[in-house]
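Under our numbering, the first residue of the sequence shown is numbered 102, with each subsequent residue one higher.
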Amino acid sequence: MNEAFKTYIVIPAYNEAEMISHVLRDLMDHGYCNIVVVDDGSSDKTSEIVKKHNVNLVKHPVNMGPGAAIKTGVDYALLKNADIIVTFDADGQHLAADINNLITPIINMEAEITLGNRFLNNGSNVPLFKKIILKSGAFLMFLMYGIISSDTHNGLKAMSKYAASNIDIKSNGWEYCSEIIEEIKLKKIKYKEIPVTVKYSNYSIKKGQKIYNSFYIVSKMFLKWIFG
């Protein structure tokens, strides 16, 4: 971890009491201390558990969606004058060990935003049907915006202060990932894909996006692209 750059980790969390301690310990064990958890209206003990750790906690009074939680966390990190902001899932799928590879191109001014890509790393045990859905969605994003990526809906990303300040997240739901791709294209933000590992467990599969939701996201972004 490069300590010359103030890096904030933003974690959107909704009913993640089962995994949030594990996720926070993994990040802290790798030297990341500037962490903000956005509790998105959880009904379980997510906030109580987060308070036991030396991290920042922001709470939504009601569940607003992952896009809204990401926006809240990114805005908070910008107020804290973060140089780099990393978005990180709360369900244990992501590895803190991958973060350094995400932020290094930003530090070296090779990119303003880096996108984690599970398909560039053989360590990700992606279920076949989910792989088909993800790659289909990525192909559609390429047709719409010309952004070449096979994993547009990976929640592990890193942004420079410039990128975070210029990417406007308006969607409250999971379609925020597609919206970021759209913003990269429209605002000509330099990006780079980075191999990362995504760990699938019974818990993360249960917590992740449902197939019907993936179709909803794709159709919503497609209509937005057609009608503006």
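Glycine included, each C-beta is placed from N, C-alpha and C at the ideal position.
Is there a Cβ of chain D sitting closer than 8 Å to that of K291, yes or no?
Judged by its chain identifiers, the structure shown contains no chain D, having just a single protein chain.
Roughly how many angstroms separate the alpha carbons of N223 and I121, rounded to a whole number?
Rounded to whole angstroms, N223 to I121 spans 26 Å at the Cα level.
Can you tell which of K258, L128, D130, H161 has its C-alpha closest to the C-alpha of K293?
K258
Three-way DSSP call (helix, strand, coil) for K261 in this model:
What sits at residue 261 in the sequence shown is Ser, not Lys. Reduced to three states, the DSSP call for S261 is strand.
Residue from A178, V138, E149, G142 with nearest C-alpha to Y263:
A178
Is it right to say K172 is buried, meaning 16 or more other beta carbons lie within 10 angstroms of its own, or is it exposed?
buried
Beta-carbon proximity list for K146, same chain, < 7 Å, skipping 5 on both sides
A118
Once you ignore the five residues that flank N273 on each side, which residues in its own chain have a CB closer than 6 Å to its CB?
Answer for N273: M165, G166, G168, A169, listed in chain order.
For N138, which residues does DSSP report across the bridge?
Here residue 138 turns out to be Val, not Asn, going by the sequence shown. In the DSSP output, where bridge partners are listed per residue, V138 has I112, L158.
Which of the three DSSP states is assigned to T215 in this structure?
strand
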